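Read through the structure below, which is laid out as structure tokens, and then see the notes.
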Amino acid sequence: MQTTKNTWDTLSSLPIAIILLDLQTNLVYCNANTQALFNLPNQLDLSSTLLKTLDLTDLHTLKTLSLYSLITHADFTDKAFSLESDQLNIKRNQLTPSLKVFIFEPTNNAASADNFDEVIAKISTQLIDIQTDNLDHQIELVLQTIGTFSKADRSYLFQFSRDGKLMSNTHEWVNDNVSPFKDRLQNIPQDALPYFYITMKESEVFNVSDVNQLPVCANAEKAEFQAEGIQSLLCVGLKADNNMFGFIGCDCVKNARNWTNTDLIRIKLIGEIITRALSNALYKKRIEQIQQQLLKANKELELQANIDSLTSIANRRRFDQALQYEIKRAVRAQQPLSLIICDIDYFKLFNDNYGHQHGDDVLKQVALTLDEVCKRQGDLAARYGGEEFAIILPCIDAEHCKQFSELIQSKIKSLAIPHQFSKISSQLTLSIGGFSCIPTLETKPEQLIKTADKALYKAKNSGRNNIQMSEKR
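According to this note's numbering, the sequence shown is numbered sequentially starting from 1095.
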């Protein structure tokens, strides 16, 4: 039987990066190519922190996982990963129940391009119907993509203020062991980086392979870039409606980089994707704002349509709707429904002698008083017409309807509104007609109104300033 040592002696000599995992001993074997690729020793324990702190990025999901997680994952399938600046295809073979072999193959440029196109297509699809609250996360994934494929250590999105004089870092991705700067790079004035602004305005591209080689006129930029540890950077402007509203960029911190034409094409493509995403999000936001404004306007119009403009209580239209609704509800629940119609006594004489302005003020006072006594859900006070008011009282029988009417008269009396031209009192008074019944399917709103109105007529003919109840259907 072949031993683990014999197996490893055979595998380790192959000219590719190989890891052998022995599940019986929990030992991990690395050949020379693997040692060079991951900076690992030739043999280590599975629990070693070196395995748990070495991260790879799945180029399909853009999720990061450790080398330890990858080689111990039960459901591992062949995938493309990235390790810092290298793209790798990783394959697994199960030699025996206790021996697993992992092969790490660097991808060629064509495969890398295919992977990039695949990831970009996936992200573009996700961004088509992206919700505003998920936009930030998707932009960060896009930045991670361009950072990974461009072999950068940091990628970012900056947006200009409305007047174009300030710029702020709104989104950022950083590689492992690279410092983020987003929080510090907010509201940077244009005159702080004049060379950068001029270059971006003229060419919409800022391509620097070696920060140390920037011209003297870019000393401000050189100082800022060096403070951030940047050796190389590539930035591309973002335009919407022919106006540059920001830019995206990549920084190399660990090593300088001569940016290729492929890098430029890719970052421009990413820029177009982000521009479309931001434009779509802004469009959706504007549509939502317009919809909210329309809803608010419709509610205001509906409110205006149902409110009496003088007294600010329900108008006749709202009263008719409410009465129809309460009749149906009373039929279903087999509960009583009461209706009160009241009229200000000798209001014409009040208007003629005190003036219409004073008369309007009195109508407002009476309306407010009636509205305040309607405290239960479903109670409704409405201006019925002229100096007449109506009150709908669900689940109130005749006895309690009369008590409610007496409360109304008491409240009006407490207002102590002078009416020297009244023929029955020195103060303003009300005549009240009420009706209560248990509605049936045959009950019509006009029947209730007609019966309550007859009771009001009786109250007026009985000397006014009194309450009359009708119990006839």
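No residue lacks a Cβ here, since even glycine has one placed at the ideal position from N, Cα and C.
Quick caveat: nothing in here was measured; it's all calculated off a predicted structure.
Return helix, strand or coil for residue i, following the three-state DSSP convention.
i	result
ALA1350	coil
LYS1552	helix
THR1119	coil
ILE1110	coil
LEU1462	helix
ASN1133	coil
GLY1527	strand
ASN1559	coil
ASP1345	strand
GLU1322	coil
CYS1311	helix
MET1095	A caution first: MET1095 carries a pLDDT of 42, below 50, which makes its placement in the model unreliable, though a value can still be read off. Three-state DSSP puts MET1095 in coil, outside helix and strand.
ASP1149	strand
ALA1427	helix
PRO1191	coil
GLN1521	strand
SER1179	For SER1179, the pLDDT reaches just 43, beneath the cut-off of 50, and the residue's location in the model is therefore unreliable, although a value from the coordinates is still provided. Coil, per DSSP.
ALA1204	For ALA1204, the predicted model reports a pLDDT of 48, less than 50, meaning its position is unreliable and no value from the coordinates is stated.
SER1432	strand
LEU1144	helix
SER1564	strand
LEU1453	With the sequence shown as reference, residue 1453 is identified as Gly, and Leu is not the correct amino acid for it. Here GLY1453 sits in helix by DSSP.
LYS1544	helix
LYS1422	helix
On a Cα-Cα basis, can you pick out the residue from the options that is closest to residue i?
i	options	result
GLY1365	GLU1536, GLY1241, LYS1185	GLY1241
LEU1524	ILE1506, PHE1515, ALA1510, LEU1140	ILE1506
PHE1290	GLU1322, GLY1331, HIS1265, VAL1268	GLY1331
GLN1129	GLU1481, ASN1337, GLN1280, LEU1145	LEU1145
ALA1546	ALA1510, ILE1486, THR1158	ILE1486
THR1065	TYR1123, SER1255, SER1403	This structure does not reach residue 1065, given that the chain is present from 1095 up to 1567, and the question cannot be answered.
LEU1148	LEU1182, SER1163, ASP1139, LYS1295	SER1163
PRO1109	SER1160, ASN1127, TRP1353, GLN1418	ASN1127
THR1369	THR1097, GLY1340, THR1537	GLY1340
PHE1132	PHE1198, HIS1167, THR1098, LYS1099	PHE1198
ILE1342	LEU1327, ASN1352, ARG1351, ASN1355	LEU1327
ILE1526	ASP1139, CYS1495, LYS1194	CYS1495
SER1255	VAL1310, ALA1321, ARG1248, MET1338	MET1338
ASN1306	LYS1295, GLU1296, GLU1318	GLU1318
ALA1111	ALA1399, ALA1246, VAL1195, MET1294	VAL1195
LEU1189	HIS1450, LEU1287, THR1098	THR1098
GLN1418	LYS1538, ALA1314, ASN1271	LYS1538
ALA1334	ALA1314, SER1373, ASP1270, ASN1355	SER1373
ASN1400	ILE1518, ASP1414, LEU1358, ILE1561	ASP1414
GLN1253	LYS1276, GLN1232, HIS1231	LYS1276
SER1273	LYS1362, GLN1320, LEU1397, GLU1394	GLN1320
If contacts are defined as beta-carbon pairs under 8 Å, then residue i and residue j qualify, I think. What distance do you get, rounded to the angstrom?
i	j	result
ILE1421	PRO1533	5 Å
SER1516	ASP1439	6 Å
VAL1347	GLY1323	5 Å
GLY1479	ARG1410	6 Å
ALA1416	LEU1229	That belief does not hold up - the Cβ atoms of ALA1416 and LEU1229 are roughly 45 Å apart, past 8 Å.
ILE1490	VAL1467	Not quite, the Cβ-Cβ distance comes to about 12 Å (not below 8 Å), so this is no contact.
HIS1265	GLU1234	6 Å
LEU1140	LEU1121	7 Å
SER1249	TRP1267	5 Å
Hey, quick one: how far does the beta strand (DSSP E) through residue i stretch, first residue to last?
i	result
ASP1139	1137-1139
GLU1266	1260-1268
THR1158	1158-1160
ALA1476	1474-1479
TYR1440	TYR1440 -> no beta strand (DSSP E), and no H or E assigned at all.
PRO1533	Looking at the DSSP string, PRO1533 is not in any beta strand (DSSP E), and its letter there is neither H nor E.
PRO1288	No beta strand (DSSP E) holds PRO1288; the alpha helix (DSSP H) holding it covers 1288-1297.
LEU1404	No beta strand (DSSP E) holds LEU1404; DSSP gives it neither H nor E.
ARG1248	1248-1254
LEU1487	1482-1488
Tell me the residue span of the alpha helix (DSSP H) that contains residue i.
i	result
LYS1496	1492-1509
VAL1272	Run containing VAL1272: none; DSSP gives neither H nor E here.
GLY1365	1355-1400
GLN1238	1229-1243
PHE1515	Where PHE1515 is concerned, there is no enclosing alpha helix (DSSP H), given that its DSSP letter is neither H nor E.
Are the beta-carbon atoms of residue i and residue j separated by less than 9 Å?
i	j	result
LEU1431	LEU1535	no
GLN1284	ASN1263	no
ARG1423	PRO1512	no
ALA1475	ALA1492	no
ALA1350	ASP1304	yes
LEU1105	LEU1117	no
CYS1344	CYS1329	yes
THR1158	THR1151	yes
MET1563	SER1520	no
LYS1458	SER1406	yes
ARG1477	LEU1404	yes
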